[in-house]
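Protein chains in written order, with this note's numbering: chain A, 199 to 393; chain B, 620 to 1023; chain C, 64 to 254.
C-beta: ideal position from N, C-alpha, C; glycine also.
A short write-up of the structure that comes next.
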Amino acid sequence: MSQLALDKLKAKFGAAVVETHSQFGDDTAVVEPGVWRAAAEFLRDDPALDFNLFVDLCAVDFPKRVPRFEVVLHVYSFARRQRVRLKTRVGDEEGEGCEVDSLVPVWTGANWFERETFDMMGIVFQGHPDLRRILLYPEFVGHPLRKDYPAQKTQPLVAYRTEEEAGTILDKLAPFGGDEGMAFGRKFYLPKDGN
Amino acid sequence: MEPVDLDLEEGELELPSEPMHLNMGPSHPAMHGTVRIVLELSGETITKADVQIGYLHRGFEKMCERGTWTQVFPYADRLNYVSPMLNNVGFALAVEKMCGLEVPERCQWYRMILGELARISDHLTCDAAMAMELGAITPFLWLMKGREMVWDILEEETGARLTHSFGRIGGMAKPPTDGLKEMVRGSLPKILHLVEEAEAMLLKNRIFLDRLENIGVISAADAMALGWTGPCLRSTGAAYDIRKAHPYLKYDEVDFEVPVGTRGDTLDRFLVRLGEIRQSAKILLQCADRLPESGPVNCDDPRYVLPDKNDVYTTIEGTIQHFKLVMEGAKVPAGEAYSYTEGGNGELGFYLVSDGTGTPHRVRIRPPCFAITQGLEKLVTNRMLSDIIPTFGSLNMIGGECDH
Amino acid sequence: MGELNRSVTLEGSESGFATTKLDALLNWSRKYSLFNYPFVTACCGMEFMAVSSPRYDFARFGAEAPRFSPRQSDLLWVVGTISQRQAPVLRRIYEQMMAPRWVMAFGTCASCGGFYDNYTTVPGIDKIIPTDVYVPGCPPRPEAVFDGLLLIQDKIASGVREPSVVKPRADPVAGLVQIRDTKVKAKEKTK
């Protein structure tokens, strides 16, 4: 992890760096959404930092906080062997207004990660070349990884077969009772001749 | 009919033409799970390729939020399902980082052994599938034979051939069996012999080399900007292996090399994986020498590790501990952590956010092949249609991991 | 290994619809030359590769020829989890197959959705297409897959397409395995 990156970020951006911490050994900086892209470019371009390997971009939903979402970026410097985590907070409690700049111009690898964050959490990345759903189908409504999306709410593309159409029961119940079925694992064997 | 005059300029022959759209997948013979590539072709050359993943999205991250921390292990197994032990160990290490646990030495060697076996299984599968898609079915069958030997060992240890769910927070589900070292030492020469036979069949074959050499070339800088890690990044020349750069478990105490390619083409990716199989075998033999014969496998921390079954039935503390760990889950301290290990495809990262209870608040997997598959569009544009097959095969996109 | 009582009793009429010798001949030839369409999606695909490999070889049962076009195949192996996004694709492939066609649900995710009880998984492929045999397991062992394959062959031979229940068969290791545990008192068989 990189304490140097945190110091340089604080030196360059001053008050825009809302907080920093090093919980569990991971150096983290939280910045304002306005300087998101500038901070990312600084991390990539500064010769002492040189964070050129894009690692991860995701979002976390804290429904009881305002701003509600935290967009989290992890990057790695191949030459310096260091990592840093950069975060920013967007969104209100309804889940509206979560827009942040896209990092695709900074690292090309951010492309699919931002599409996935948009798909799962609904964060809109401005300036993304092709922001559409990636893991789910275009007809899906909603953003499933948000805490207010019920996990079992399905939106089927193909209507499920009904029992009349199938001509048989579709519920799967065990067809045999407790004393039927394969013998091993259920009963103890008694040696027949006392061996 | 008059013959067409063959020395016409390109522009003089006004034939109407438009690009052809071709759909590959999501169910297609190249057995990589399900990916759909919508191609725009001009003749045989690809002008645009839209790679659509997500046909195996199973909601891993949402499922993790509905159970306890230990209940994530079966879901984690099914991410990179050709090397499930590596995912298990990766997640266990991530939670242990947050809890501040250090597993005993015997467990560390044991995790390394099972992890390297899983890595061998992963690379064997990838190379075998690549060969099969180019028509070389025999090396596929030979390498599958080798994979069965690896799975025999894993089945003896964990009880399952494929999805073991064997990792636990603070240790493993069971200690190593007595025959582990003999099995490892006995199977490895046979597996390496099969790999050599497959190499002899493939690497001198003109057709195989022509289809792989200088296809799907990428530079190290582009690969890093895309987020590539693992064998695909090492084939471009950048030697970044987490086991060497940021060692975890006991990787700093074993001696192995990191195979690195030169050109970043498909042949390099194929060869890097073969080289890694040999290096994993080397690591396995060293681990088999160093694995202690006796000693605890789990940490002794009652907050995270299930007690011995004897204690559960005879002492009240054991009963309460078991009850709390199973019903409420291990209470991982609040906060966030990112932990990374070398998975089969590269940097397998877990970003965990905990709110202090037994249920995770957020489990984010950083899938290595998600970043790698991003680059497919760039690799195949302006190449021919049949170049997609070896290129895509060499990226080793595992659907469970990519679509999580 | 002892005598394997492999003739499965399917509930319903014994003779089914294969009442003529010609039908019997056709069914015999169909069951031993299945062209399968491996609709492989997930982890069960690894076990599918193992089933086609030299150790557990499904060429012994005549089922080794994969045809990657639904028009040319008669057994649809649905291997692995089917997500909601994949469901129209599966339906289309099933509709493109020509009768007679059979479907095997390989694995728990294909049979009932597995432990993915969420917004994105179809809870079993029989919600979308009619299924003949369900092979449980996560992933099923190759031996379980062969059990399912042999059940399909029995279904083909007898011509029965109605839903049936597989009666418990004779345990192949009953009487051969003796548990020698002299420390624990043998429990009474509850019957």
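Going by beta carbons, residue 113 of chain C and residue 763 of chain B fall inside the 9 Å limit. Around the Cβ of residue 1022 of chain B, a 10 Å sphere holds 16 or more other Cβ atoms; the residue is buried. Burial check for residue 742 of chain B: the Cβ neighbour count within 10 Å reaches 16 or more, so the residue is buried. Close to chain A, meaning a Cβ-Cβ distance shorter than 7 Å, are the following residues of the segment 141-154 of chain C: 147, 148, 150, 151, 154. For residue 127 of chain C, the nearest beta carbon of chain B is not closer than 9 Å to its own beta carbon. Contact of residue 701 of chain B with chain C by beta-carbon distance below 8 Å involves 109. Between residue 144 of chain C and residue 678 of chain B the beta-carbon gap is near 10 Å, outside 8 Å, which marks them as no contact.
Apart from the 5 residues on each side of it in sequence, residue 751 of chain B sits with its Cβ closer than 7 Å to the Cβ of 759 in its chain, given in chain order.
Residues of the segment 175-186 of chain C with a C-beta atom less than 9 Å from some C-beta of chain A are 175, 180, 181, 182, 183, 184, 185, 186, listed in chain order. The alpha-carbon separation between residue 946 of chain B and residue 202 of chain C amounts to approximately 27 Å.
Between residue 138 of chain C and residue 109 of chain C a beta carbon distance of about 20 Å is seen, past the 8 Å cut, so the two are scored as non-contacting. Contact of residue 314 of chain A with chain B is assigned, a C-beta pair being separated by under 9 Å.
Annotation for residue 640 of chain B: no alpha helix (DSSP H) segment contains it, though the beta strand (DSSP E) segment containing it runs 639-643. Residue 647 of chain B has its alpha-carbon roughly 25 Å from the corresponding atom of residue 94 of chain C. At a cut-off of 9 Å between beta-carbon atoms, residue 711 of chain B makes no contact with chain A. Residue 328 of chain A has its alpha-carbon roughly 39 Å from the corresponding atom of residue 783 of chain B.
Beta-bridge partners of residue 99 of chain C (DSSP): C:129, C:138.
At least 9 Å separates the beta-carbon of residue 282 of chain A from that of residue 255 of chain A.
Assigned with DSSP and collapsed to three states, residue 197 of chain C falls in strand.
A check of alpha carbon separations from residue 951 of chain B across B:656, B:1019, B:716 identifies B:716 as the nearest.
For residue 808 of chain B, no chain C residue has a Cβ inside 7 Å of its Cβ, as the nearest lies near 19 Å away.
Apart from sequence neighbours up to five positions away, no residue of its chain approaches residue 936 of chain B with a beta-carbon distance below 6 Å. About 17 Å separates the Cβ atoms of residue 298 of chain A and residue 242 of chain A, ruling out a contact at the 8 Å cut-off. When the beta-carbon positions are compared, residue 858 of chain B and residue 879 of chain B come within less than 9 Å of each other. Below the 9 Å Cβ cutoff, chain C contributes 189, 190, 191, 192, 193 as neighbours of residue 359 of chain A, in chain order.
At the C-beta level, residue 287 of chain A and residue 261 of chain A stay beyond 9 Å of one another. Counting along the chain, no alpha helix (DSSP H) covers residue 169 of chain C; the unbroken beta strand (DSSP E) around it starts and ends at 165-169. A distance below 7 Å between beta-carbons, with the five flanking residues on each side excluded, links residue 332 of chain A to the following residues of its chain, in chain order: 310, 313, 314, 317.
With contacts defined by Cβ atoms closer than 9 Å, residue 987 of chain B and residue 1001 of chain B do not form a contacting pair.
Apart from sequence neighbours up to five positions away, the residues of its chain that approach residue 970 of chain B with a beta-carbon distance below 6 Å are 957, 983, ordered along the chain.
The Cβ atoms of residue 1016 of chain B and residue 651 of chain B lie closer than 9 Å to each other.
Closer than 9 Å to the CB of residue 694 of chain B there is at least one CB belonging to chain C. Checking the DSSP bridge columns, you'll see residue 658 of chain B partnered with B:641, B:668. Contacts with chain C at 9 Å (Cβ-Cβ) include residue 364 of chain A. Here residue 697 of chain B is buried, its C-beta having at least 16 other C-beta atoms within 10 Å. In the structure shown, the three-state DSSP call for residue 935 of chain B is helix.
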